[in-house]
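Since the structure comes first, as structure tokens, the remarks are kept for the end.
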Amino acid sequence: MRFFKRFLLTLTVFIYTLRYLHCNADYALDESNCTCLRNFCQYSNANYWNDYLIEHNEYYKTVINPVATENYNLYIKPYCLIAREKSNLYYKLYLEEHVNNTLNNKYVARVAEEFLVFKESHCHYWKNHSVKYHDWIKLLHEKTENYIKNIKVKFNSLHDNLKGQFDEMKQDIHKNVKTLTSTLYTSTSTEETLVPSPASHSIDTKVEEVSGSHLIDNKKTDNTADEIQTTPELSEWELAQDEFNAWFKLVDTKSSKACKFLDQEVEDYLNEKIEPWELELNEKINHFRKEIHLQFNKLVKNIEDIDCTSEVDGETGEVIYFAKNGETQLSQYITRPFISSLFKEIESKFQALENNISTNLTNTIDELDKNIQEIHEHHVELYEEWGDIMISEWSKRMAYIEVVAAHYDSESDEDSSQEYWRNFLKLKKKVISIRDNLVEHHIKVTPLNQFLANVQNELNNITKESNEYLLVLRAKANLLFDEREKREEEEHNQKIILQRMENERIQSEQEERIKSLQKEEEEAEKLLEKEIQEKARKQEEARKQEEARKQEEARKQEEARKQEEARKQEEVRKQEEARKQMGSPPPPQQQQ
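Numbering (the UniProt record's numbering), first residue to last: 1 to 592.
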């Protein structure tokens with residue numbers, strides 16, 4: 001199985017390589033190439049087998065091919081075209097420049113250096129030769145100029161001499177022809193019959209000229225009119241034999257070519273009308289192409305703007321959209337309904353332009369059909385008039401010959417008379433039958449059909465190309481919308497994730513803040529409790545200090561009192577001692 005897959009892959013690569021190298025348009029047109037390779041290019045082409053199966057297999061034509069073509073155009077071809085555009089873009093942006101730089105740097109530069117050396121070494125040599133060649137041509141021209149002038153002078157003199165001789169010969173020939181013609185026409189009594197009516201002349205003057213020349217040739221076989229008049233032993237029917245032959249041939253020829261004359265006049269009329277009509281239609285088709293091209297450019301521009309960027313206006317807070325390059329501001333945000341409306345607008349304009357061309361075709365075809373019917377009716381009337389005149393006039397001529405023959409009591413003329421009348425009746429019936437055929441004749445409008453086929457092919461090609469391009473653009477738009485929607489969905493999901501993360505962060509911060517506040521509150525409570533305890537301690541210490549102070553003051557007062565008492569006692573003691581020393585009695589208080 002693996003070998004089979006490798007074999008198929010190798011065979012496919014080999015076939016496509018041969019097709020790429022040999023099966024191009026130039027190679028196919030070259031008849032000197034190998035027949036087997038041309039056959040290979042033909043039989044390896046999928047379009048050949050597709051056309052072959054469409055032509056020879058009804059089931060493939062009606063069932064398989066439409067479904068396969070529709071699915072291919074819908075699911076495969078747009079992606080192939082997009083891949084080709086991407087590959088061409090890669091080639092133009094990177095590969096082409098890289099290849100050109102490589103070729104220019106590695107090969108062209110070397111060849112240019114070698115060529116410059118060759119040019120410098122041979123330039124002087126070729127310059128000398130070109131100067132010598134110019135001098136030689138100039139000398140040759142001077143030598144041949146006089147020789148050519150002499151030849152022209154001799155040739156002009158010879159031409160003038162020959163022209164004079166030819167003019168004299170032509171005048172003599174014209175005189176002889178006029179003399180012979182007048183002699184022949186005066187020798188016959190049926191000149192009116194041989195001269196065609198104006199109606200028959202308008203159908204085809206060439207047939208009359210042929211018939212007249214044939215009559216003159218028949219007259220020439222009799223040498224002169226004198227010989228005809230010197231044969232009294234011939235009957236009237238025998239004398240009118242040449243006239244009968246000429247008349248039968250004229251009527252038979254013109255009758256047989258009546259339909260051909262009609263087709264020829266219609267063809268000339270169509271060729272005359274189709275040329276300006278073709279110019280008008282070409283202008284309409286070119287206008288049609290330009291309109292479609294403008295609509296396609298508008299659609300392509302909007303499809304390219306699907307892949308856009310957005311920003312928020314800092315002043316208004318409005319979302320502003322920019323093209324992919326980020327420089328051009330978009331008038332609106334490109335949506336699927338908007339692109340669908342553009343596709344519908346293109347289809348409606350395409351249909352309107354196509355209807356305009358179709359209406360023009362229909363009106364012009366109706367006008368041409370009306371004029372062709374008039375030409376047909378005119379030809380029928382002309383043929384009827386010509387047939388009536390030719391039949392009636394010749395019947396009178398035959399009746400006159402019949403009377404003259406009866407006057408001479410010629411019994412031998414009865415068989416000739418029967419034969420000529422039988423041929424006359426047969427030809428009359430043929431003229432009537434051809435008239436009926438001319439009335440029912442289906443006019444050939446080959447130029448018109450060919451022109452309409454070309455126009456239809458042109459319109460079909462435009463329609464096909466436009467539909468294929470619309471399919472490609474529709475697929476491209478769908479891909480861009482899918483990519484943008486996927487990107488927007490990812491951005492939306494990313495925003496949701498970021499928003500969720502932000503909310504979680506805010507919630508976490510809030511929780512941390514609450515915890516910190518609670519901690520701060522606890523710390524504040526602890527601090528307050530410490531402050532209260534410290535205050536109570538300080539108050540207690542102050543109270544204790546106050547009590548100690550009071551105790552100290554009381555102690556000091558007690559000490560002061562004791563000191564005061566001691567002092568007083570000391571004073572009393574001193575007074576006592578002083579009194580004792582002075583021998584005075586103690587004070588009364590002390591005595592008490």
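Cβ atoms here follow ideal geometry from the backbone N, Cα and C, with glycine treated the same way.
Note that the structure is predicted; figures quoted are calculated from it, not measured.
By alpha-carbon distance to S331, the top candidate from A352, E576, T309 is T309. Excluding sequence positions up to five before and after L353, its CB lies within less than 7 Å of the CB of F288, E291, all in the same chain and listed in chain order. A contact is defined here as three or more CB-CB pairs under 8 Å, and the region 381-389 fails this definition with respect to the region 464-471. The beta-bridge partner set that DSSP reports for I320 consists of E311. In the structure shown, the three-state DSSP call for Q329 is strand.
Selection L281, L250, R505, E529 evaluated against T362 yields L281 as nearest (Cα-Cα). For C23, the closest of F7, F40, F14, V13 by C-alpha to C-alpha distance is F40.
A Cβ-Cβ separation of about 16 Å leaves M390 out of contact with W421 under the 8 Å criterion. One thing to note: K284 has its Cβ within 8 Å of the Cβ of N360. Residue state for E440 is assigned as coil, using DSSP reduced to three classes. For a cut-off of 8 Å, the C-beta gap from K444 to D263 is around 5 Å, short enough to register as a contact.
By the Cβ rule, the region 435-455 does not count as touching the region 43-57, because fewer than three pairs are nearer than 8 Å. Pairing L427 with D252 gives a Cβ-Cβ distance under 8 Å. Proximity to E345 across E490, R84, L9, K298 peaks at K298, based on C-alpha coordinates. The Cβ neighbour count for A578, taken over all protein chains shown within 10 Å, is under 16; the residue is labelled exposed. In the three-state reduction of the DSSP assignment, D305 falls in the coil class, being assigned neither a helical nor a strand state.
Taking 8 Å as the cut-off, the Cβ atoms of E311 and F322 count as close. One thing to note: F296 has its Cβ no nearer than 8 Å to the Cβ of Y79. Here S255 is buried. Its C-beta has 16 or more other C-beta atoms within 10 Å. The alpha-carbon of D268 is positioned some 11 Å away from that of I372. I306 counts as buried, since no fewer than 16 other beta carbons sit within 10 angstroms of its beta carbon. Counting only the Cα atoms, K349 lies some 22 Å from L279.
S516 is classed as exposed because its beta carbon has fewer than 16 other beta carbons within 10 Å across all chains shown. In the three-state reduction of the DSSP assignment, N45 falls in the coil class, being assigned neither a helical nor a strand state.
For P447 and N454, the gap between their C-alpha atoms comes out near 10 Å.
Around the beta-carbon of L9, fewer than 16 other beta-carbon atoms lie within 10 Å, marking it exposed. Taken in chain order, the complete alpha helix (DSSP H) segments of 4 or more residues contained in the region 345-399 number zero; there are none. Secondary structure of K550 (DSSP, three-state): helix. Counting along the chain, the unbroken alpha helix (DSSP H) around T69 starts and ends at 65-71. Counting only the Cα atoms, E531 lies some 25 Å from R549. For the 8 Å CB-CB criterion, V266 and I365 do not form a contact.
Nearest neighbour of Q329 by Cα position, chosen from D313, L18, A542, R2, turns out to be D313.
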